[in-house]
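Everything below concerns the one structure shown next.
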Amino acid sequence: MTETTGARVDPTSVPQRRLRDGGAMPGIGLGTFGSDHVPGEQIAAAVRGAIRAGYRLIDCASCYGNENLIGEVLSEEAGTTAPREELFIVSKVWNDAHAPEAVAASVRQTLSDLRLDYLDAYLVHWPFPNYHAPYADPDARDPRSRPYAHGEFMETWRAMEQLVDEGLVRRIGTSNMTVAKLSLVIRDARIQPAINEMELHPTFQQGELFQFCLDHEIQPVGFSPIGSPARPERDRTDEDFADIEMPVLRRIAEAHGVHPAVICLKWAVQRGQVPIPFSVRPRNYISNLEAVTRDPLTPEELEQMRTVERNSRLIKGQVFLWPGAGSWLDIWDVDGTIPGWNGYADEKKG
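Under this note's numbering, think of the first position of the sequence shown as 18, with each following residue one higher.
Take a look at the structure:
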């Protein structure tokens, strides 16, 4: 990708997604999870540069440990580069704050850190209150962890709904969900989720969950959109595929004269998801934004991208497993049912 530091993309040229309440969400955003390998000050500087370059969607989370630094940037840029109403700021409640009173305290802390009066969207980061220490070993298990309990989750969701009622957040949503879990939330929610943040990239297209979200007016937001080459070591296995090395993808990139990462983002936006790539390098985050405003993939190329699917989940979440669970597959309801304390081992016994 060529150096484009200082360039700016007109925010009105960026595709928009219409949400269930009629509001608009930018079709691409900047992710801010890099706290495991990038200093928070550097991430905040990237947020500043991204907003000046034309980004209007910033994806945050309390557990990333950098919202206070990002808040300094937002308070300055919202008064100069971009009015607050043009920005779409997302944050998430962490696993250790699922109790209703903790949800309320968490969003207030996030608003204070980000120096905002409201969030455009607030998500439940993971569907269970299972916690892990920073830099946890892949085999680590918190003895307090437990499988998904829908009743408990709905207590958290009711607290999320109250945040909308109070005007602290405009919309609420989910993250790291499955069709089985999301179906229950849709059935029982007073305020429906507007967004579901999920792992989405060419070798992990999540067709069933993706379509389920669209069918229920839930906007898919995709993390790891280029295959997360800088993901933590605990999330790497020998079976993983590298998206930007896939031959089909590389041929399409060559035809367009761009890096394969750019093709991942063009595909994501044209498919209908909102990718949130992370980068602190101006030439990369500007190139990412430019990619979705010009030279789209052809219908034939989009069809070819379907063949890149390998069901290659990279962020497996094994550090959130509970004692008694079998493997990371238990987190993702792979047979369409939600496993209990002994994972799918109980079903095998039956």
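The beta carbon of each residue, even a glycine, is placed where N, CA and C say it ideally should be.
Near residue i, which residues of its chain fall below 7 angstroms by C-beta distance, leaving aside the five closest residues on each side in sequence?
| i | result |
| --- | --- |
| residue 283 | 308, 309, 313, 314 |
| residue 37 | 209, 211, 234 |
| residue 260 | 218, 219, 220, 243, 244, 266, 281 |
| residue 257 | 329, 331 |
| residue 321 | 265, 269 |
| residue 345 | 333, 334, 335, 338 |
| residue 157 | 149, 336 |
| residue 92 | 132 |
Strictly by DSSP, which residues pair up with residue i?
| i | result |
| --- | --- |
| residue 75 | 47, 106 |
| residue 221 | 218 |
| residue 41 | 35 |
| residue 357 | 360 |
| residue 212 | 190, 236 |
| residue 292 | 239 |
Using only alpha-carbon positions, find the residue among the options that is nearest to residue i.
| i | options | result |
| --- | --- | --- |
| residue 224 | 290, 347, 184, 254 | 290 |
| residue 218 | 244, 193, 200, 194 | 244 |
| residue 143 | 359, 322, 348, 41 | 348 |
| residue 106 | 318, 320, 185 | 185 |
| residue 55 | 182, 297, 95 | 297 |
| residue 301 | 66, 34, 39 | 66 |
| residue 113 | 141, 24, 213 | 141 |
| residue 154 | 91, 316, 253, 274 | 253 |
| residue 207 | 175, 123, 361, 104 | 175 |
| residue 133 | 110, 229, 188, 101 | 101 |
| residue 180 | 227, 203, 108 | 108 |
| residue 188 | 343, 39, 361 | 39 |
| residue 110 | 103, 118, 104 | 118 |
| residue 311 | 343, 275, 294, 295 | 275 |
What residues in its chain sit with their C-beta under 6 angstroms from that of residue i, if we drop five residues either side in the sequence?
| i | result |
| --- | --- |
| residue 326 | 222 |
| residue 162 | 147, 339 |
| residue 318 | 269 |
| residue 341 | 358, 359 |
| residue 292 | 45, 239, 242, 282, 285 |
| residue 279 | 308 |
| residue 171 | 205 |
| residue 115 | 146, 173 |
| residue 227 | 237 |
Counting only the same chain and skipping the five closest in sequence on each side, list residues whose C-beta sits under 8 angstroms from that of residue i.
| i | result |
| --- | --- |
| residue 324 | 265 |
| residue 34 | 41, 42, 43, 44, 236, 289, 291 |
| residue 70 | 24, 25, 26, 299, 302, 303, 306 |
| residue 124 | 108, 110, 136, 139, 180, 185, 186 |
* Asked: Contact between the segment 72-82 and the segment 35-51: three or more CB pairs below 8 angstroms?
  -> The segment 35-51 and the segment 72-82 touch, with three or more beta-carbon pairs separated by less than 8 angstroms.
* **Ranges of the beta strand (DSSP E) found wholly within the segment 124-195, counting only runs of at least 3** => Within the segment 124-195, the complete beta strand (DSSP E) runs of at least 3 residues are 138-141, 189-192.
* Three or more C-beta pairs closer than 8 angstroms, one from the segment 21-35 and one from the segment 255-275: is that the case here? -> The segment 21-35 vs the segment 255-275: no contact.
* Contact between the segment 126-144 and the segment 78-94 (3+ Cβ pairs under 8 angstroms) -> Flag = yes, the segment 126-144 and the segment 78-94 touch.
* Okay, do the segment 162-176 and the segment 351-360 touch, 3+ Cβ pairs below 8 angstroms being the bar? -> In this structure the segment 162-176 touches the segment 351-360; the number of beta carbon pairs closer than 8 angstroms is three or more.
* Unbroken beta strand (DSSP E) runs of length 3 or more, entirely within the segment 235-288: which are they? -> The DSSP assignment places complete beta strand (DSSP E) segments of no fewer than 3 residues inside the segment 235-288 at 236-240, in order along the chain.
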